[in-house]
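Quick note: the sequence shown uses this note's numbering, first residue 31, plus one each step. The beta-carbon is built from N, C-alpha and C at its ideal position, and this holds for glycine as well. The block underneath contains the structure these notes are about, expressed in structure tokens.
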Amino acid sequence: MGWTDTKLSEQIGISLSMIRQCRMQVRPMPPPARIRTIGAMGVEVTLETLLAALPSTIREAVEDVNLQWQTVRETLIYSFFDRLDAGEPGHVVQCFFDGLVELSGLDQNSLARRVGLGVHDFVAVRSGHLPIPFRTKVAISNTFSAQELGRLILTLLPSL
Numbered sequence: 031m032g033w034t035d036t037k038l039s040e041q042i043g044i045s046l047s048m049i050r051q052c053r054m055q056v057r058p059m060p061p062p063a064r065i066r067t068i069g070a071m072g073v074e075v076t077l078e079t080l081l082a083a084l085p086s087t088i089r090e091a092v093e094d095v096n097l098q099w100q101t102v103r104e105t106l107i108y109s110f111f112d113r114l115d116a117g118e119p120g121h122v123v124q125c126f127f128d129g130l131v132e133l134s135g136l137d138q139n140s141l142a143r144r145v146g147l148g149v150h151d152f153v154a155v156r157s158g159h160l161p162i163p164f165r166t167k168v169a170i171s172n173t174f175s176a177q178e179l180g181r182l183i184l185t186l187l188p189s190l
């Protein structure tokens, strides 16, 4: 069963006349009203649905900026791993893995399994006695978003 225009107007916060104009394609529905309509329909409002509700020119601009920031974050992550490989002090590696434990909400053993390490190897890597294996770096990059890792790495930079 559908909604009446009055119910829709109340739900998404635009006037009845605006709804009628949108229905007759006199004017486009404003992006905030589109987003509220999507939410009122029971669709989870994610970044993807928000972008889909925007006009294409705005969506493309947001996607371009996001891609640039994604590249910056990935460069930060790869540079950080290179610094760890070059022999950063053990406390930096330990703080990094402690931060990963906190981000994941897992205990150390569960995080070790998630990033492809046995418990003994995890302890050795975390203490800086073993370098971080490549497959573990890949698993870390796949498990955590570039934004999460970027924030964590930036908290460690003063100690680097």
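Reducing DSSP to helix, strand and coil, say where residue i ends up.
i, result
"A116", "coil"
"F164", "helix"
"A154", "helix"
"V56", "coil"
"L84", "coil"
"I68", "helix"
"E93", "helix"
"I44", "coil"
"V102", "helix"
Apart from the five residues on each side of it in sequence, which residues of its chain come closer than 6 Å, Cβ to Cβ, to residue i?
i, result
"L179", "I107"
"G69", "V75"
"G129", "L182"
"L120", "Position check: residue 120 holds Gly in this sequence, whereas Leu was assumed. The answer, listed in chain order, is S157, G158."
"T67", "I42"
Within 10 Å of its beta-carbon, does residue i have 16 or more other beta-carbons around it, so buried, or fewer, so exposed?
i, result
"I183", "buried"
"A116", "exposed"
"T87", "exposed"
"V95", "exposed"
Excluding the 5 residues preceding and the 5 following residue i in the sequence, name in chain order all residues of the same chain whose CB lies nearer than 7 Å to its CB.
i, result
"L80", "I65"
"A154", "L160"
Under 8 Å Cβ to Cβ from residue i, same chain only, skipping five residues before and after it: list those, please.
i, result
"V92", "L81, L84"
At least one CB of chain D closer than 9 Å to the CB of residue i: is that the case?
i, result
"I107", "No chain D is present in this structure, which holds just one protein chain."
**Item:** Runs of alpha helix (DSSP H) wholly within the region 121-153 (minimum 4 residues, chain order)
**Value:** Listed in chain order, the complete alpha helix (DSSP H) runs (minimum 4 residues) inside the region 121-153 are 138-144.
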